[in-house]
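Line by line, the protein sequences give chains S and R.
So for the first sequence, my numbering puts the first residue at 3; every next one is plus one.
So for the second sequence, my numbering puts the first residue at 325; every next one is plus one.
Just below is one structure, and these are the notes that go with it.
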Amino acid sequence: MAATTATELDNPLTAGLERQPVAPTTLVIFGATGDLSRRKLLPALYNLAHEGALPERFHMVGIARKHKADEEFRTECEEAIRRFSRRKPDDAVLSGLLAGVRYVGGTFDDDAVYSKLGEILDGFDKEAGEALNRAFYLSTAPSFFPVIVEELGSSKLARHEHAQVRVIIEKPFGTTLQEARELNRRVLAIFKEPQVFRIDHYLGKETVQNMLAFRFANGMFEPLWNRNYIDSIQITAAEELGIGSRADYYDSAGALRDLIQNHMLQLLCHVAMEPPVSFTAEEVRNEKVKVLQAIPQPTAADVSQMAVRAQYGPGHAGGEDVPGYLQEEGVPEGSITETYAALRLEVDNWRWAGVPFYLRTGKRLARKITEIAVTLKPVPHLAFSQAGSLGVQPNQLVLTLQPNEGVSLRLGAKIPGTRMIIRPVQMEFLYGTAFLSQSPEAYERLITDAMRGDATLFTRNDEVEAQWCICDPIVGTWAQTPGPLAQYEAGSQGPEEAAGLLREGDSWRAI
Amino acid sequence: MTVTSDAVWSEQGTTPDAIEAALRELLFERHAEDEHFVPARVLNMIAFVDRQWSGEIANRLRGVGRYHASRLLVLSYEPGRERLDARVMIASEGEPAPGEIALLRETVVVELGDRHLDDLLTIADPLVVTDLPTLLWSPHGHEEIVEVLLELSQAVLLDSVEEPLAREALDRASALSAQAYVVDLAWLRSTPWRERLAATFDPPWLRRELRSLAAVTARHHQASTASAALLVGWLASRLGWELGPLAADGDALAGSARAGDQDVALRLEAAPELQVPGLEGVTIETASGLRLGLRRGTGGLRANWRDEHGEEREWTIPGASRGEAGVLGEGIRQALLRDPTYVPALRAARTLLP
């Protein structure tokens, strides 16, 4: 083969195209009949197909425990797509997508499954006349992650000559620091880190990516974005719903594992990270890891001072009486799983020393909202009278991620009239008013990125371990502290105990 | 987009000031009625249309769904008209869901005649939202009006396949592109084809084949020579070919380009069976014997690949047709983007067409 130069390797045809090419790929979904696959993955694949965004050559293989024929699986895929797709499927596109879909039934530790899978993958390569990339999507219970990875290794499916092999691993990536480290060890014994794509679907949301654009494409904020001007930062992820039918999962996870360890720490990283040199996967993730490593790992003694947990009790939501967590169907009697968690963290680096980062999340709170509130320090001198008004309050910049993605800034403004009386007003920007395009589902972006080998929106091994270093002592201390937990009324602002985390003069924003 | 909420104002013998005041008042009323009604602030669009065809244009614009400009100003021209009449409509996608916003989109229709054309800017200027980009569309020609309204616009929407002569259409696009960003629907119809060609030749072992292309054939709707020329022009501009004019060869245009030290045979063929504007297929052959054929199919593009040993494979690349309404919507969206490859492709396409 003749040597090639960098110029020869550039593809001159990709300039100006919004959609960059994705190499021909076979996607294998483990847990293909599960809830995530039906609700998210299959509809995402359909929407990519609809938009012509799948690779030139694309094949899919589903793997799950139950034995069934390819045709039966295709019918199930079609039903799931018709039910959960964000757009009404085009019949021709849908049948084209599903026409070659294959299914392998069997347990994930059964060598025969991988032997059969290997035959199918080789068949696709032969049909295409080239070695297709392979992406293994692990959408199973977490206990199967190492099993599947090791089976892929022992059946020689973790490498493929002349093509890329990638493994996409759903959350949770471990439930403790030790588990996360052990899982990393077992995965990285088979795959190299650049082959591993750990999903945190929050990172695939346009709203989260917009935070980076907001911070790093607008020069006006950067001079203020440090301890000299910022007083505190609050990150809230509140749900008005309860646990629904997810008691099994939720009771084993709790609010801290479910949202703080992954999603909310990611939000914190996006707020606190330094501008990366470039938006490559390694540079972005390097900066996020630095933030996580700057958060002191709490000791058991620290936990009661910097973390609060609680459970929702009976209350009201949406005008209806709703049960408390312990009365929800499927929740074990006397459960001490938290449905609310709040933390006060500090990022001990030059930029953020002394600025408290308050994080809180909970089920059955007053309403659904995810936001980041950045409170600036008050002005050093006030020339105006505070009498007769709400007074001058510090500026507050609120980045709302859902439901109405936008940015609002609290400013002081003069009340019309003859006196110089100031009150706070809101200057609001809503993303929905400023763009024509509909945001793709997070999984559409993440599946495409994984097939392209772009890991920017995925969690790296040291990143996930750094997240666990922060959360593990809290999880461990809570597990050893007997209940009952503090209660908050369903539909309320959360437990009163959360106020105990706040520095004097600080308050939680109304949810 | 289901439009379920409207606020309407109209006046005969009106003025731009009165229209603008009505817009502000209607927006204020809608917001006061429910604070979750908020005006979209993305893009102004000015459409200068002949009144007799304004219904057809309104229908086309209704089909663009969420790509409706946040403020659409329709200047409906009727030669003998003396009076300035106007209608303002503010529509939302529906009632706001609890806790969510509902976007308001504004449509202003101004009926005007010859006597208003000299002062057209003073009519249109107060009616576009300041600081938003403005897209200009004049589907019925009126080049002199376009020149006037360009002063308010950063982008111009046109469709090179709608002109009777492809070369004149491309010349016109070229002239406009010197003054504003041109969104050419003929170019947008070629996007899926360009994406697929880029993807096919993306694997490193195939990229070098781009340097040894031997033949390109583009098949197109009978009236869409401009689309085919733009596609071939795109390849030529991206790959640095030297071009000369193609010559008539029966119903086709044929000729060659110089790519390094080899020639590339070029052919633009009409496809009488194609009922919609745009491309029917493209075939590319390399000096080493590879051949890629793409053609329209049900549920996506049908690909045909012949390798260097002569072995052929066929498959479908899934993708839904956008339809003409989708192409127009995409044109409106593209007014907010910038594609640096269009003008070089346009320049090359003009060279190709005699």
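Every residue gets a Cβ at the ideal spot worked out from N, C-alpha and C, and that includes glycine.
Contact criterion: CB-CB distance below 7 Å. Does residue i meet it with respect to chain R?
i, result
"residue 311 of chain S", "no"
"residue 95 of chain S", "yes"
"residue 177 of chain S", "no"
"residue 21 of chain S", "yes"
"residue 196 of chain S", "no"
"residue 418 of chain S", "no"
"residue 493 of chain S", "no"
"residue 298 of chain S", "no"
"residue 318 of chain S", "no"
"residue 18 of chain S", "yes"
"residue 69 of chain S", "no"
"residue 98 of chain S", "yes"
"residue 15 of chain S", "yes"
"residue 244 of chain S", "no"
"residue 453 of chain S", "no"
"residue 221 of chain S", "no"
"residue 9 of chain S", "With a pLDDT of 47 at residue 9 of chain S, under the threshold of 50, the modelled position of this residue cannot be trusted, and the question is left open."
Given a cut-off of 7 Å on the beta-carbon distance, is the pair residue i and residue j in contact?
i, j, result
"residue 137 of chain S", "residue 291 of chain S", "no"
"residue 98 of chain S", "residue 640 of chain R", "yes"
"residue 312 of chain S", "residue 497 of chain S", "yes"
"residue 450 of chain R", "residue 344 of chain R", "yes"
"residue 413 of chain S", "residue 394 of chain S", "no"
"residue 577 of chain R", "residue 570 of chain R", "yes"
"residue 211 of chain S", "residue 375 of chain S", "no"
"residue 497 of chain R", "residue 506 of chain R", "yes"
"residue 630 of chain R", "residue 646 of chain R", "no"
"residue 412 of chain R", "residue 333 of chain R", "yes"
Using alpha carbons as the reference points, say which of the options lies closest to residue i.
i, options, result
"residue 355 of chain S", "S:419, S:256, S:274 and S:65", "S:274"
"residue 574 of chain R", "R:557, R:558 and R:593", "R:593"
"residue 455 of chain R", "S:30, S:423, S:125 and S:436", "S:436"
"residue 150 of chain S", "S:32, S:271, S:429 and S:349", "S:32"
"residue 572 of chain R", "R:405, R:622 and R:678", "R:678"
"residue 49 of chain S", "S:502, S:486 and S:449", "S:449"
"residue 551 of chain R", "R:623, R:606, R:461 and R:520", "R:606"
"residue 617 of chain R", "R:636, R:611, R:602 and R:599", "R:636"
"residue 390 of chain R", "R:661, R:565 and R:655", "R:655"
"residue 188 of chain S", "S:156, S:465, S:95 and S:242", "S:156"
"residue 561 of chain R", "R:585, R:350, R:534 and R:578", "R:534"
"residue 555 of chain R", "R:420, R:611 and R:516", "R:516"
"residue 121 of chain S", "S:158, S:148, S:152 and S:144", "S:158"
"residue 286 of chain S", "S:308, S:218 and S:344", "S:218"
Within 7 Å (strictly less), CB to CB, does residue i reach chain S?
i, result
"residue 366 of chain R", "yes"
"residue 325 of chain R", "Low confidence applies here, because residue 325 of chain R scores a pLDDT of 46, under 50, leaving its location unreliable; read the following figure in that light. No, residue 325 of chain R does not count as interfacial toward chain S."
"residue 418 of chain R", "no"
"residue 381 of chain R", "no"
"residue 641 of chain R", "yes"
"residue 424 of chain R", "yes"
"residue 675 of chain R", "no"
"residue 562 of chain R", "yes"
"residue 431 of chain R", "no"
Taking only three categories from DSSP, how would you classify residue i?
i, result
"residue 658 of chain R", "helix"
"residue 270 of chain S", "helix"
"residue 298 of chain S", "coil"
"residue 525 of chain R", "coil"
"residue 510 of chain S", "coil"
"residue 478 of chain R", "coil"
"residue 514 of chain S", "There is no way to answer for residue 514 of chain S, as the model of chain S reaches only from 3 to 513."
"residue 231 of chain S", "coil"
"residue 507 of chain R", "strand"
"residue 419 of chain R", "coil"
Practice task
Please list the residues of the region 425 to 447 of chain S that have a C-beta atom closer than 7 Å to any C-beta atom in chain R, keeping them in chain order.
Solution key: Going along the region 425 to 447 of chain S in chain order, one finds 432, 434, 435, 436, 437, 438, 439 and 440 with a Cβ nearer than 7 Å to chain R.
Problem - the region 383 to 398 of chain R: positions lying closer than 9 Å to chain S by Cβ - result: Flagged, chain order: 390, 391, 392, 393 and 394.
Exercise for the section: Select from the region 525 to 552 of chain R all residues with a C-beta closer than 8 Å to any C-beta belonging to chain S, and list them in chain order. Expected result: Interface annotation for the region 525 to 552 of chain R against chain S: 525, 526, 527, 528, 531, 532, 534 and 535, criterion Cβ-Cβ distance under 8 Å.
Exercise for the section: Pull out every residue of the region 404 to 416 of chain S whose Cβ sits closer than 7 Å to any Cβ of chain R, in chain order. Expected result: Within the region 404 to 416 of chain S, the qualifying residues are 405 and 406.
Exercise for the section: Would you list, in chain order, the members of the region 57 to 82 of chain S that have their beta-carbon closer than 9 Å to a beta-carbon of chain R? Expected result: Those residues of the region 57 to 82 of chain S that come within reach of chain R (Cβ to Cβ, closer than 9 Å) are 57, 58, 59 and 60.
Handout entry: Contact set between the region 104 to 135 of chain S and chain R, restricted to residues whose Cβ is under 9 Å from the partner
Key = Hits within the stretch, in order: 129, 130, 131 and 132.
Exercise for the section: Would you list, in chain order, the members of the region 621 to 651 of chain R that have their beta-carbon closer than 9 Å to a beta-carbon of chain S? Expected result: Of all residues in the region 621 to 651 of chain R, only 621, 622, 623, 624, 625, 627, 629, 631, 635, 637, 639, 640, 641, 642, 643, 644 and 645 place a beta-carbon less than 9 Å from a beta-carbon of chain S.
Handout entry: Interface residues of the region 351 to 377 of chain S facing chain R [CB-CB below 9 Å]
Key = Closer than 9 Å at the C-beta level to chain R, one finds these residues of the region 351 to 377 of chain S: 369, 370 and 371.
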